[in-house]
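Each remark here refers to the structure printed beneath this line.
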Amino acid sequence: MEYSKNIDKKWQQKWKDEKLYKYNPNAKGKKLYTLEMFSYPSGAKLHLGHWFNYGPSDTFARLKRMQGYNVFHPMGFDAFGLPAENYAIKTGIHPEDSTMKNIETMKKQLEEMGGSYDWDYSVETCMPNYYKWTQWIFTKLFEAGLAYKKEAPVNWCKNCQTVLANEQVINGACERCGTAVERKKLAQWFFKITDYAEELLKDLEKLDWPESTKKVQTNWIGKSEGSEVTFKGENGDFEFNVFTTRVDTIGGVTYVVVAPESELVQRITTKEQKEAVDNYIKETAKLNEIDRLSTERPKTGVFTGAYAINPVNGDKIPVWIADYVLEDYGTGAVMAVPAHDTRDYAFAKKYNLPIKRVIEAKDGEKTELPYTEKGILVNSGIYNNLTSEEAKKKITDDLAAKSEGKRSINYRLKDWLVSRQRYWGAPIPIIYCDKCGMVSVPEKDLPVLLPYDVEFRPDGESPLKKCEEFMNCTCPKCGGKARREADTLDTFVCSSWYELRYPDAQNTEKAFDKETVNKMLPVDVYIGGKEHAAMHLIYARFMTKALRDLGYLDFDEPFKRLVHQGMILGPDGNKMSKSKGNTVSPETYIEQYGSDVFRMYLMFGFDYRQGGPWDEKGIESMVRYFSRIERLIETIGKYDEKESNGIIKENEKDLLRVKNQTIKAMGEDIDNFQFNTAIARSMELLNKINDYIRENNDINTKVVIETVKTYIKLLAPLAPHFAEEQWYRLGNTESIHKQQWPEINQKEMDGGTKNIPIQVNGKLKTCVTVSADATPEEILTAIKETPQVIEIFEKNDVKKEIYVPGRIYNLVV
RNA sequence: GCAGAUGUGGCGGAACUGGUAGACGCACAGGACUUAAAAUCCUGCGGUGGUUAAACACCGUGCCGGUUCGAUUCCGGCCAUCUGCACCA
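Position in the first sequence (from 1) plus 932 gives the number in my numbering.
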C-alpha cells in the first residue's frame, strides 16, 4: 500500500489552503444541518469513541455535500465541567489552561481525521463570547419566571466537605473517598421544565427518533393519570390531598401515609406520639443514599396519633408517616390500600393494620392478596359490582360534586436543578441587593466573567464565594452595595442551546439571529450516544420550547432526526476505561496505516448503531483493499481512453449495471448510517471491475475508465484522502470533494437477469432465470415450462399454487 | 422490580414491506506463480448423511409453541447478556 499518513497530510494542507470546507449559507442547494454531539475536552486526546462517532458522521456529511445539499456541519467543544476541575484539583493545573490546550490538540486531531468542518462556525462553551449568552438566556428565563430559587436536597459528602453531582455518586457513595453520601438542604436554582411536561411528551410523536429513545423520554416524563382526593381530620381540624391512580380501591383504605418531611406532620401529631414521630423524622434525615436506593429495605413508619375520615364511606382511619412516601411526588401523601397494593400490604402486615378487600377478579376466580389487578368492586356500598374503570370515573365525579376530589395528572419529571457549587462553569448572573432583592444582571453588563485566580479546591462552599473581588458588586437597580451569586450553571445548560449558536457563532450582538436560526434549524440529523437519551436531549428540547415562547425563535423542536452510534468496547468486551487497562488508542493505527484505513475499518467492521468489542485483526484486510485499488488505478493508467470504439457489448452491459446498482445502494446505505454494507457494495464493484478486465482480452477502455472514475467518487465520502489521491492519479485536477455524486443511469441499470425461486411446500427446489424486465405473465410461462416444475406436477397431487408475481413460485402438494 | 435493546457459520457482520438465510470481509484449506518465502491470483468453505464425483436428502437464525403456502422477520411463553430507571402511589 502506497497510501500513508503523509498522503493525509498533503491533502489536509491543500484543503486548508483552498478553504475547501468553507460554509457558505447562501450557496445553492437545500440546507442540511448535520450535527454530532460535541465533545468534552477532558482527556488530552481523541479516543476511539470519538473516531467511531465523528468519522462515519463526516462520511454522511460528505455524501450529502456531493449529492448537492448545502451542508452545515459544525463542530465545537463542551468545555465546562467537572472532569477538568477534578483534574485541576489532582494536578494543580488550572482548568482553563488544561481545557484550552486539550481543545487545540483535539481540533488538530479532528483535522487529521479528515473532518470536513468549517471552524469559523464553532463554539467553545467556556469562552466568554459563548457563556455571555448562556447567562443572557438565564436572565431571560429568570425574568419570565422559568428560573427560580428554592431549597432542595443535594448530595453531600461529609468527608470531602463538598456537594456531589449525581454522576459523582456511585452506588450511593462518594466516587473519590467511598463515604456514604448524605442529603443536605441548600438553596438551589431550578428551571421550570415541568411547565413543558405535556408538550415534551406530546411532541415526541413528531420526531424521527429511535423508538427506544422516545420511550426513555416518555418514562422520564412519567405521565400518570388519576384522581386527587381530600381527606379531612376526624375533628375537621386539618385536611390534605392524596393522589391515586386507583381511586376505585378507595373503599379499601385502612390508613393513610404522609411523607415525613411534610409540614402537615408537625400540625397533626398528638402529644403522645410526638417523641416517636420526631425520632423517626430524624432517622429518615440521616438515611444515606445507599439505604434510600434499596428497595429491599423493610418498610418502616410511625403513627402520628391523628385520624382522618374516608370521604367515600366515612371510615375513621389512622394517619401514619413513612419514608416510602416521597414528599416531592404527587401531593406527598397517599391513601393505603393493603388489599390491593404490594407496598401497603407489606406495611400493614408489619404494623398489624387492617386489610379490607374491595376488588375481585372479573372471572370470579379466587385470588390471593394483595390483588393489584383491576376487577369488580365489592364491599364498596353503592359502587359494588362496577368495574374498576367505571368506579374510577363515578367515584371521582361524586367526590368532585362535593369538592372533595378531582381528576388529576401527575408527572414524574422534576424541575431541572441547574446550580452547582463548583468553579468551572458559567457564573449564574444574579445579584443580591439588600434593598432590591434578587436582580438579574442586565445584558450590557454581561458576561459575568469567571475569575481566573480562585481557590477551587473543595471545602463545602462554592469556590467563587471566596473570591472577594468577584463577589462584591453594585446593584444594577439602586447602585448600592451588593453581592453576586456564587454558584455556577450545570454544563447541561451550556449544551442545551449550542445547536442554536453554531449558525451564528460569531454574533457579538445577540445569542443568535432569529431569522438565521429559523432558516437553519431544526437540525436535520443529530448524531450521538444514547446515554444522552434522557438528560441532554430533553433539556435541549425544553430550551428550544422556552426560547420559542419568549419569542426568540419560531420552531418547536431542535433535532428532527436522531441517530445513536454504538460503542466500541475494549477487546475484553468491557467498556474501555483506564482503570480496567483495556483502552485502545487510535494514534498507533493512524501512524501505521493512515487515517482513512482506520476510518474505513471502523465503518466496515462494526454495525454503526451497535458497536462492539475492538478487534484489530481485520484492519489488515482494509490495507489489502486499499492496495487492490491502488493496483487498479495503476493498471488503468496504461490504457488510453481514445482507443475505445465506443460500442457497448453484452459483457460490458453487466459491468455498467453493477456500477449503477452500486451507486444506488451506497447512497442509500450511507444515508441510513449503514456504512458496513456501503463498503461491502464498493468491494463488490471492485471485484466486478477486476473480473471484467481479467475475463476480457479486448476490454472497452472507455467503459472501464468511466466505471473506475465513478468508483473512486463513490469512495470519496468514505476515504476522503485516499480517494482524492487516486482521483488525481487518474489525471483529474479539481478536488474529488467538489464532484457530484454519480447519477444513476436507469437505462444502464435495466436489463440483465434475475432468479425466481421455485418452492414446494415453502422449501426451495430450484430457480428459474428470467430476463429482469420480463412481465409477471412471461415469468409464469417460463416457470411452467421448467422441467422440474413439470416433473413436480406429474409426480405429485398439487393442491395449491401460489405465485407472487415476479418474486416467487410455491406449490403445495 | 419496571422499561428497552440484543441473541444468525470458527469470527465481524448481511438479508427490502413475510418470499432463494449466511452478502461483503476475516480466519482456514487446496491450487497457481516462486529455487523458496512474502505479496498476488484462482478455488472451496453452516452441520449431518450420501456419492468416485455430483445429484440429492435431512437439520439449521438463543429455547418452546402458534399464525402462514412460506417466519431471522409477525404473535404468545421462556432463557441468557447488556443498558437505562429505580419505593412514583
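The beta carbon of each residue, even a glycine, is placed where N, CA and C say it ideally should be. Note that the structure is predicted; figures quoted are calculated from it, not measured.
| Does the distance from the C-beta atom of Gly-1751 to that of Ser-936 stay below 8 Å? | With the chain covering only 933 through 1745, there is no way to say anything about residue 1751.
inquiry  = I need the straight-line Cα distance from Gln-1198 to His-1272, nearest angstrom please.
reply    = 29 Å
Output the distance between the C-alpha atoms of Leu-995 and Cys-1058, rounded to the nearest integer angstrom. 32 Å
Query - Nonlocal neighbours in the same chain, by C-beta distance under 6 Å from Ile-1734, ignoring five residues either side - result: Asn-1742
message = Suppose you measure from the CA of Asp-940 to the CA of Leu-1650; what does that come to, to the nearest Å?
response = 14 Å
From the DSSP secondary-structure annotation, give me the bridge partner or partners of Gly-1749. Outside the displayed span of the chain (933 to 1745) sits residue 1749, for which this structure offers no information.
**Prompt:** Is the stretch 1114-1130 close to the stretch 1080-1093, with three or more CB pairs under 8 Å?
**Reply:** yes
For this session: Could you spell out where the beta strand (DSSP E) holding Asn-1342 opens and where it closes?
Result: 1337-1342
Checklist entry - For Lys-1039, does the count of other Cβ atoms within 10 angstroms reach 16, so buried, or fall short, so exposed? => result buried
Helix, strand or coil: which one does DSSP assign to Cys-1426?
helix
Span separating the alpha-carbon of Thr-1216 from that of Lys-1231
12 Å
**Q.** The alpha helix (DSSP H) enclosing Leu-1014, as first and last residue numbers
**A.** 1014-1023
Practice problem: Look up Val-1234 in the DSSP assignment and say whether it is helix, strand or coil. | Solution: strand
Original post:
Can you tell me where the alpha helix (DSSP H) with Pro-1243 in it begins and where it stops?
Top reply: No alpha helix (DSSP H) holds Pro-1243; DSSP gives it neither H nor E.
#### Entry: Own chain partners of Arg-1661 with C-beta closer than 7 Å, once the 5 adjacent residues on each side are dropped
Ile-1565
Practice item. Examine the ligand GDP and report whether any of its heavy atoms sits within less than 7 Å of the Cβ of Pro-1689. Key: What this structure holds is no ligand at all, so the ligand GDP is not there to describe.
Three Cβ pairs or more, each shorter than 8 Å: is that satisfied between the stretch 1248-1266 and the stretch 1163-1177? yes
* To do: Helix, strand or coil for Lys-1147, going by three-state DSSP, please let me know.
  => helix
Roughly how many angstroms lie between the CA atoms of Phe-1558 and Met-998, to the nearest whole one? 22 Å
Spatial neighbours of Trp-1348 within its chain, please: C-beta separation below 7 Å, excluding the five flanking residues on both sides.
Phe-1122, Phe-1123, Ile-1125 and Tyr-1471
Close Cβ partners of Met-1554 (< 6 Å) along its chain, the five nearest in sequence each way excluded:
Val-1529, Met-1532 and Tyr-1533
- Query: Where do the ends of the alpha helix (DSSP H) carrying Asn-1404 lie?
  - Reply: Per DSSP, Asn-1404 belongs to no alpha helix (DSSP H); it is in the beta strand (DSSP E), 1404-1406.
* Would you give the residue range spanned by the beta strand (DSSP E) that Tyr-1283 belongs to? => Not the beta strand (DSSP E): Tyr-1283 falls in the alpha helix (DSSP H), residues 1274-1283.
**Asked** Whose CA, out of Asp-1329, Leu-1345 and Lys-1346, lies closest to the CA of Arg-1778?
**Response** Here the chain comprises residues numbered 933 to 1745, so residue 1778 is not present and cannot be evaluated.
Within its chain, find whatever has a CB closer than 8 Å to the CB of Ile-1213; leave out the 5 residues flanking it on each side and keep chain order. Pro-1192, Glu-1193, Val-1197 and Ile-1253
Subject >> the stretch 1039-1050 contacting the stretch 980-990, beta-carbon criterion three pairs below 8 Å >> reply: yes
- prompt: Asn-1342 to Leu-1479, Cα distance in whole Å?
  reply: 25 Å
* Asked: Taking just the CA atoms, how far does Ser-1428 sit from Ala-1016?
  -> 20 Å
| task | Name the one or two DSSP bridge partners that Leu-967 has. | result | Tyr-1458
Taking 6 Å as the limit between beta carbons, can you name the residues of its chain near Thr-1202, skipping five residues before and five after? Gly-1237
- [ ] Have a look at Thr-1319 and Asp-1260 and give me their C-alpha separation to the nearest angstrom.
- [x] 31 Å
(Q) What does the Cβ neighbour count give for Met-1370, buried or exposed, with the cut at 16 atoms within 10 Å? (A) exposed
Inspect the CB distances between the stretch 1023-1038 and the stretch 961-980 and report whether three or more fall short of 8 Å.
yes
Residue nearest to Asp-1135 in terms of C-alpha spacing, selected from Ile-1631, Phe-1487, Pro-1286 and Ile-1676: Phe-1487
Exercise. Closest to Glu-1638 by CA distance: which of Ala-1612, Arg-1589, Asn-1608 and Ala-1610 is it?
Worked result: Arg-1589
Task: Strand pairing of Phe-1491, partner residues [DSSP] - done: Val-1455
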